[in-house]
Amino acid sequence: MSDEHLAKTGYDDFLDVLKKFRGLSAIALGTSVTVPFVAYLSGIVPPWPPGVVLVTALLELVVLVVVFQFLRNSPRRVTNRVIAVSAPLLVVFSALYLLLFSFFTYPIPTSSTRSVKGFVCQNGLLKSYAESCPFLTTDQLKDVAYTAEALWQGWSIDLMRFFLVTSWLSAFLLLSVVIGSFVVFQTKVTPRRMR
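Numbering of the sequence shown is given in our numbering, commencing with residue 1296 and proceeding in unit increments.
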């Protein structure tokens, strides 16, 4: 008996959806690499934790598995609702990430990397930098050899790292929900016959 006569399993269906998801992601980007890797190359990846691009890609796969599992047999209205809720949240978390990235990261010229700023200045600095704290300038960072801990409270730097990575992951996971929901639903729609 040939493989053509064997029934397709749910796993086979999932692999088909995964191929279509990758294809749609590639079309959306105009390239064949996945979104987090493009972000990495364009320099908008959170500075912390190391390996966040790989973690993001793995979590996107998990989200795609969940979307496939829960929406594979769902009616159109359920899929529409999932997309209608996820798409605006995607916009909000993407904008939030870009805003946080813009205000609370800075380049370190000596190493061509980025680091995270805090939002609560060290107590001794409040008098000397009161007019610009917590949004200290590049010159002020240069004065302390680009060491964030010299200017901001350590806990506020850690919390900002958490906010950055949370908004980053939320945006990419929501992107997977939107694209995955669309692909899963469209794979079960039968083509219309031409008249």
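Heads up, the beta-carbon is just placed ideally off N, CA and C, and yes, glycines get one too.
Exercise. Do the stretch 1422 to 1431 and the stretch 1459 to 1468 touch if we need at least three Cβ pairs shorter than 8 Å?
Worked result: no
Exercise. Short check: CB of Phe-1388 to CB of Leu-1459, under 9 Å?
Worked result: Numbered from 1 along the sequence shown, position 93 holds the residue referred to as residue 1388. Numbered from 1 along the sequence shown, position 164 holds the residue referred to as residue 1459. Contact flag unset, no.
For this session: Determine which residues share a DSSP beta bridge with Pro-1402 and list them.
Result: The count along the sequence shown starts at 1 and reaches residue 1402 at position 107. Partner(s): Arg-1409.
Exercise. Whose C-alpha, out of Leu-1436, Gly-1413, Ala-1443 and Phe-1309, is nearest the C-alpha of Val-1357?
Worked result: For this step, residue 1357 is matched to residue 62 along the sequence shown. Residue Phe-1309 is the option with its Cα nearest to Val-1357.
Problem set entry | Boundaries (first-last residue) of the alpha helix (DSSP H) holding Leu-1420 | Along the sequence shown, read from residue 1 onward, the residue named residue 1420 stands at position 125. Per DSSP, Leu-1420 is not a residue of any alpha helix (DSSP H), being assigned neither H nor E.
Problem set entry | Buried or exposed (CB count within 10 angstroms, at least 16 for buried), Leu-1469 | The residue given as residue 1469 occupies position 174 in the sequence shown. Taking a 10 Å sphere around the C-beta of Leu-1469, we find 16 or more other C-beta atoms and assign the residue as buried.
Exercise. Exposed or buried, Lys-1314, counting other C-beta atoms within 10 Å across all chains shown (16 or more means buried)?
Worked result: The residue given as residue 1314 occupies position 19 in the sequence shown. Per the 10 Å Cβ criterion, exposed.
For this session: Taking 9 Å as the cut-off, decide whether the C-beta atoms of Ala-1443 and Leu-1436 are in contact.
Result: As a working mapping, residue 1443 is identified with position 148 in the sequence shown. As a working mapping, residue 1436 is identified with position 141 in the sequence shown. Yes, the Cβ-Cβ distance between Ala-1443 and Leu-1436 is below 9 Å.
For this session: Just the C-alpha distance for Val-1411 and Lys-1483, rounded to the nearest angstrom, thanks.
Result: Taking the sequence shown and counting its residues from 1, one reaches residue 1411 at position 116. Taking the sequence shown and counting its residues from 1, one reaches residue 1483 at position 188. So the alpha carbons of these two residues sit roughly 45 Å apart.
For this session: Give a yes or no on whether the C-beta atoms belonging to Ser-1369 and Val-1472 are separated by under 9 Å.
Result: Numbered from 1 along the sequence shown, position 74 holds the residue referred to as residue 1369. Numbered from 1 along the sequence shown, position 177 holds the residue referred to as residue 1472. In this structure, Val-1472 does not lie closer than 9 Å to Ser-1369 by Cβ.
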